[in-house]
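Residue numbers (the working numbering): 1144 to 1373.
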């Protein structure tokens, strides 16, 4: 498979500190999200509002529900996946948690909000083929239940996090960016044992590939590191 050459562009809208905006609905019918989970999703919505303020087209225009004051419950927003939690909230409604966000090829710009780290049950995060800037936040690497992280072709920079908290991480898809630093060197890192697919081709990784780290990836099926300085 061939991959397009990544070009780092200086344009794009940089997210400022998040503005917390109330949403009229959170979970689906009879379900309620926590305030922290609502805050995390609304940090992405803020990007669209800034785009509109500067005369641009909001990327959320193509997605159902993605508005700060949407009447559509967040769990029913396009690209958002939720599941019921194991407890109920005040009023008898069941609690819900966000487990997946899939916002691909929507013109999403700016940095990846650190608030996404508040989604402690998040398993799948896919923001591929957007115009993002900056590095992968450590808050994302700290998500303990993450199974798939897909930031392919997103113009990202910064260094590769050396440790991902999740022992369930199976897919790490970071190809076609400008991510620097070394490939995983700490063989004690939790995520190494579960990884099945690593795609980091066409980045700026340097150094040597650590043999002991590779040996810990006992479930690895795909490893693509071409077009780096390794």
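Glycine is no exception: its CB is placed at the ideal position from the N, C-alpha and C atoms. Just so it is clear, the structure is predicted and the values come from calculations on it, not from any experiment.
When the beta-carbon positions are compared, residue 1341 and residue 1315 come within less than 7 Å of each other. Contact check between the stretch 1243-1251 and the stretch 1279-1286: fewer than three CB pairs, one atom from each, fall below 8 Å, which does not count as touching. By the criterion of a C-beta distance shorter than 6 Å, residue 1303 is surrounded in its chain by 1322, 1324, once the five residues flanking it on both sides are discounted.
Per the coordinates, the alpha-carbon of residue 1290 lies some 22 Å from the alpha-carbon of residue 1251. The stretch 1270-1324 is shown to contain whole alpha helix (DSSP H) runs of 4 or more residues at 1281-1284, in chain order. Taken through DSSP and simplified to helix, strand or coil, residue 1267 comes out as strand. Counted as a single uninterrupted DSSP element, the beta strand (DSSP E) harbouring residue 1253 occupies residues 1252-1254. Comparing C-alpha distances from residue 1239 to each of 1319, 1176, 1306 shows the shortest one belongs to 1176. Taken in chain order, the complete alpha helix (DSSP H) segments of 4 or more residues contained in the stretch 1327-1363 are 1354-1359. In the displayed model, residue 1187 falls within a helix according to three-state DSSP.
DSSP places residue 1366 inside the beta strand (DSSP E), whose first and last residues are 1365-1367. Within the same chain, 1260, 1308 come within 7 Å of residue 1285 by CB-CB distance, once the 5 residues on both sides are set aside. Around the beta carbon of residue 1207, a 10 Å sphere encloses fewer than 16 other beta carbons of the protein chains shown; the residue is thus reported as exposed.
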